[in-house]
Amino acid sequence: ISFTADTDLRQIPQGATFQVRFTLTNAQGSAFSAPPFNDFSIAGGPNRMNSMTMVNGSATSSESWSFILVAKNVGVFTIRPATVRANGKVIASNPLTIEITKAKPAVVTPEGTVKGNSKDVVFIRAEADRHEARVGQQIILDYKLYTRVSLNGVNLLHESEYPGFYKQDINSFNRGESQVSLGGKRYVVKTISRVALFPLQEGTLTVDPLSIQAGVVRNGNSGDTFDDLFNMPSVQTMNVASNPVVVQIKALPPNAPASFTGAVGAYEMQDSISRTEATTDDVVSLRLTIKGNGDPKRIVAPPLPPVDGLDIYEPKIVSEHSDEEQGQIVTTKEIEYLLIPKKPGSYTLRPEFTYFSVTEGRYSALTPNTFNFSIAQGSAKAATLNAAERPKGVEDIRFLKTTTHFQTKGDLFFASSLFWALAIGPFLLVGAAAAYRTWRTRMRLRDVGLVRIRGASKAAQRRLSVAQDLMKNNQPRPFYDEISKTLYGYVADKLNIPRPELSKSTTLEKLTSLGVSEARSAAFLSVLQECELALFAGKDNPAGMADVYQKALKALADVDREIKK
Numbered sequence: 299i300s301f302t303a304d305t306d307l308r309q310i311p312q313g314a315t316f317q318v319r320f321t322l323t324n325a326q327g328s329a330f331s332a333p334p335f336n337d338f339s340i341a342g343g344p345n346r347m348n349s350m351t352m353v354n355g356s357a358t359s360s361e362s363w364s365f366i367l368v369a370k371n372v373g374v375f376t377i378r379p380a381t382v383r384a385n386g387k388v389i390a391s392n393p394l395t396i397e398i399t400k401a402k403p404a405v406v407t408p409e410g411t412v413k414g415n416s417k418d419v420v421f422i423r424a425e426a427d428r429h430e431a432r433v434g435q436q437i438i439l440d441y442k443l444y445t446r447v448s449l450n451g452v453n454l455l456h457e458s459e460y461p462g463f464y465k466q467d468i469n470s471f472n473r474g475e476s477q478v479s480l481g482g483k484r485y486v487v488k489t490i491s492r493v494a495l496f497p498l499q500e501g502t503l504t505v506d507p508l509s510i511q512a513g514v515v516r517n518g519n520s521g522d523t524f525d526d527l528f529n530m531p532s533v534q535t536m537n538v539a540s541n542p543v544v545v546q547i548k549a550l551p552p553n554a555p556a557s558f559t560g561a562v563g564a565y566e567m568q569d570s571i572s573r574t575e576a577t578t579d580d581v582v583s584l585r586l587t588i589k590g591n592g593d594p595k596r597i598v599a600p601p602l603p604p605v606d607g608l609d610i611y612e613p614k615i616v617s618e619h620s621d622e623e624q625g626q627i628v629t630t631k632e633i634e635y636l637l638i639p640k641k642p643g644s645y646t647l648r649p650e651f652t653y654f655s656v657t658e659g660r661y662s663a664l665t666p667n668t669f670n671f672s673i674a675q676g677s678a679k680a681a682t683l684n685a686a687e688r689p690k691g692v693e694d695i696r697f698l699k700t701t702t703h704f705q706t707k708g709d710l711f712f713a714s715s716l717f718w719a720l721a722i723g724p725f726l727l728v729g730a731a732a733a734y735r736t737w738r739t740r741m742r743l744r745d746v747g748l749v750r751i752r753g754a755s756k757a758a759q760r761r762l763s764v765a766q767d768l769m770k771n772n773q774p775r776p777f778y779d780e781i782s783k784t785l786y787g788y789v790a791d792k793l794n795i796p797r798p799e800l801s802k803s804t805t806l807e808k809l810t811s812l813g814v815s816e817a818r819s820a821a822f823l824s825v826l827q828e829c830e831l832a833l834f835a836g837k838d839n840p841a842g843m844a845d846v847y848q849k850a851l852k853a854l855a856d857v858d859r860e861i862k863k
């Protein structure tokens with residue numbers, strides 16, 4: 299048994315990334331504890347991997363935990379040992395010494411290649427479609443890559459947590475390249491990421507920079523005699539960060555109408571009613587379909603005005619989904635109201651949905667239809683009579699029995715009514731309790747939330763089969779997107795929460811609330827990060843998809859097994 303630490307580089311320029319791996323051989327490890335990386339920034343990990351090799355009939359198993367680190371400061375630094383529990387003992391790895399050197403200045407050759415780091419040849423711009431908005435209004439933020447050199451791959455290092463915003467990724471946008479001239483220099487521009495941001499509070503909000511690592515192609519004069527002799531290109535990594543984005547968020551105007559529930563943006567509404575003629579035995583269903591581009595969580599069921607003779611029950615969300623239309627997020631919610639007529643008559647309902655229109659700068663109300671429906675008397679009779687309907691001479695209280703007869707039955711307790719009541723009573727109580735419990739279970743199973751929880755694993759299996767078909771057809775982007783949706787959807791179904799409420803930063807907290815261990819949660823998040831990196835960098839190699847598919851399969855199985863325990 300051995301537990302060792304190693305790295306792919308011992309001498310690294312400032313700002314570059316490198317990998318540190320801790321490997322346990324010939325043992326099953328638990329309670330892995332990484333050392334503090336105080337002198338470095340963590341760009342990825344921990345990524346967990348298991349492997350087994352067979353040499354001349356002898357098998358060797360290994361388990362490793364790896365991290366991607368960013369060198370921050372110049373100097374010589376020591377990475378302290380990590381620890382892991384194996385065979386009932388705590389084992390420590392060896393320490394690692396890393397030397398961080400000063401980054402060399404960039405030199406641009408006539409051919410357009412680059413040596414060293416330079417913000418002049420490769421940089422990122424974060425461009426928002428607006429810098430003033432209302433609380434809940436959608437803001438589109440594009441990250442555009444500008445380059446004057448050839449690039450060989452782009453990897454995400456750090457993404458902002460978007461403090462003060464609710465964020466949703468947008469996958470459908472133009473990924474083509476174009477050319478622009480800046481400062482007399484020509485650049486190739488490509489949008490590498492687009493997100494929709496919804497402000498949650500008023501004030502001045504700042505989006506932190508996004509950073510990437512780009513592989514810059516160098517031709518000749520690389521310092522390697524063999525490469526220079528045959529003019530073979532080499533690749534040098536560069537770390538590039540975008541500019542911060544500052545947005546001024548304004549509060550909504552005061553004196554909002556009573557029907558306003560918080561929606562901000564542009565909206566439309568459709569409504570329908572199940573029937574216009576019914577009886578007091580029937581239930582009438584009113585449905586509203588609201589569609590708009592504001593914060594999805596602010597689309598709340600509008601209250602219906604009270605109507606004498608109608609019981610209006612609390613509305614419920616029948617369906618909810620977000621789509622990408624014309625480069626932005628559009629959410630559609632279908633809301634159902636159940637109406638119970640209490641007495642016959644003619645009724646009028648006029649549903650109204652009020653939102654704040656950002657184009658008009660005022661509150662706007664949507665009232666598509668006015669519904670008139672008639673209610674006839676059903677078969678059920680009124681449960682009580684009022685004073686006017688009570689027959690004359692009938693009092694509120696009448697005696698059930700006016701005479702009492704006492705009869706002596708003797709002192710024999712056996713076979714008496716009290717005896718049988720005491721003998722049979724406990725069995726009746728147990729049977730009633732069992733019947734009540736069965737009824738409660740059936741009622742709970744009718745809850746859509748519980749159905750989602752119980753079907754989370756099956757839903758994940760169905761989505762994984764879809765991802766497997768995409769992998770076989772060599773469709774990388776839909777494949778990675780489907781794997782990501784599978785993992786997020788599994789957690790959302792298990793906790794019965796909407797999918798948009800989940801992000802990388804909240805998934806760990808949700809898995810912990812389900813009782814998932816730190817190691818399983820880390821493996822789960824690692825697959826999510828790999829999918830995002832793959833979508834970001836546009837990876838399309840079949841081997842990479844197969845590896846991610848196996849990791850996703852194992853992560854879901856481990857988490858599901860642990861939750862069931």
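If you want the numbering used here, it's the 1-based position in the sequence shown plus 298.
Heads up, the beta-carbon is just placed ideally off N, CA and C, and yes, glycines get one too.
{"Asked": "Are three or more beta carbon pairs between the region 485 to 492 and the region 458 to 473 nearer than 8 angstroms?", "Found": "yes"}
{"Asked": "Gln312 and Val372: beta carbons closer than 8 angstroms?", "Found": "yes"}
{"Asked": "Beta strand (DSSP E) containing Ser620: first to last residue?", "Found": "614 to 623"}
{"Asked": "Verify whether the separation of the beta carbon atoms of Gln436 and Phe496 is less than 8 angstroms.", "Found": "yes"}
{"Asked": "By Cβ distance, which residues of its chain are closer than 8 angstroms to Ser801, with the 5 residues on each side in sequence left out?", "Found": "Lys465"}
{"Asked": "Alpha carbon to alpha carbon, what distance is there between Gly659 and Leu683?", "Found": "Here the model assigns Leu683 a pLDDT of 34, short of 50, so the residue's position is not dependable, and the following value carries that caveat. The straight-line gap from Cα to Cα measures roughly 54 angstroms."}
{"Asked": "DSSP three-state call for Val605: helix, strand or coil?", "Found": "coil"}
{"Asked": "Given this structure, state the Cα-to-Cα distance separating Asp858 from Thr805, to the nearest angstrom.", "Found": "15 angstroms"}
{"Asked": "Could you tell me how far apart the beta carbons of Ser644 and Ser672 are, in whole angstroms, since I believe they sit closer than 8 angstroms?", "Found": "5 angstroms"}
{"Asked": "Could you please give the first and the last residue of the uninterrupted alpha helix (DSSP H) stretch that includes Asp580?", "Found": "Per DSSP, Asp580 belongs to no alpha helix (DSSP H) and is neither H nor E."}
{"Asked": "Is Glu459 helix, strand or coil by DSSP?", "Found": "coil"}
{"Asked": "Applying the 10 Å Cβ sphere with the 16-neighbour rule, what's the burial state of Ile299?", "Found": "exposed"}
{"Asked": "Could you pull the start and end residues of the alpha helix (DSSP H) that Pro872 belongs to?", "Found": "Absent from the model: residue 872. The displayed extent of the chain is 299 to 863, so no value can be given."}
{"Asked": "If we require 4 or more residues per run, which alpha helix (DSSP H) segments fall completely within the region 811 to 855?", "Found": "816 to 835"}
{"Asked": "Going straight from the alpha carbon of Gln326 to that of Ser819, what length do you get?", "Found": "18 angstroms"}
{"Asked": "So, do the region 476 to 486 and the region 435 to 453 have three or more beta carbon pairs nearer to each other than 8 angstroms?", "Found": "yes"}
{"Asked": "Would you identify the three-state DSSP class for Tyr485, choosing helix, strand or coil?", "Found": "strand"}
{"Asked": "Can at least three beta-carbon pairs, one atom from the region 591 to 604 and one from the region 547 to 554, be found at a separation below 8 angstroms?", "Found": "no"}
{"Asked": "Name the one or two DSSP bridge partners that Ile633 has.", "Found": "Leu586, Ile615"}
{"Asked": "Whole angstroms is fine: what's the gap from Ile389's alpha carbon to Asp304's?", "Found": "16 angstroms"}
{"Asked": "Give a yes or no on whether the C-beta atoms belonging to Phe335 and Ile377 are separated by under 8 angstroms.", "Found": "yes"}
{"Asked": "Would you call Gly813 buried or exposed, if buried means 16 or more other Cβ atoms sit within 10 Å of its Cβ?", "Found": "exposed"}
{"Asked": "Can you find the residues in the same chain that come closer than 7 angstroms, C-beta to C-beta, to Val746, ignoring five residues on each side of it along the sequence?", "Found": "Confidence at Val746 is low in this model, with a pLDDT of 43, below 50, so its placement is unreliable and no value can be given for it."}
{"Asked": "In its own chain, which residues sit with a C-beta less than 6 angstroms from the C-beta of Leu809, not counting the 5 before and 5 after it?", "Found": "Ser819"}
{"Asked": "I'd like the list of long-range same chain contacts for Lys595, defined as Cβ closer than 6 angstroms, with 5 residues on each side in sequence excluded.", "Found": "none"}
{"Asked": "Would DSSP call Glu425 helix, strand or coil?", "Found": "strand"}
{"Asked": "Which same chain residues end up closer than 7 angstroms to Arg423 when comparing Cβ atoms and leaving out the 5 residues on each side of it in sequence?", "Found": "Lys442, Tyr444, Ser540, Asn541"}
{"Asked": "Since Ala426 and Leu439 are thought to touch, with beta carbons under 8 angstroms apart, how far apart are those beta carbons, to the nearest angstrom?", "Found": "5 angstroms"}
{"Asked": "Three-state secondary structure (DSSP) at Pro311?", "Found": "strand"}
{"Asked": "Tell me which residue opens and which closes the beta strand (DSSP E) that Thr381 is part of.", "Found": "381 to 384"}
{"Asked": "Quick one: residues in its chain with C-beta nearer than 8 angstroms to the C-beta of Met769, no 5 flanking neighbours on either side, listed in chain order?", "Found": "Phe777, Pro840, Met843, Ala844, Tyr847"}
{"Asked": "Within its chain, find whatever has a CB closer than 7 angstroms to the CB of Ile615; leave out the 5 residues flanking it on each side and keep chain order.", "Found": "Lys631, Ile633"}
{"Asked": "Is the Cβ-Cβ distance between Asn667 and Asp569 less than 8 angstroms?", "Found": "yes"}
{"Asked": "Can you grab the Cα-Cα spacing for the pair Val538 / Leu367, in whole Å?", "Found": "15 angstroms"}
{"Asked": "Can you say whether Ile722 is buried or exposed, counting buried as having 16 or more other CB atoms within 10 angstroms of its CB?", "Found": "exposed"}
{"Asked": "What are the start and end residues of the beta strand (DSSP E) that includes Gly563?", "Found": "558 to 563"}
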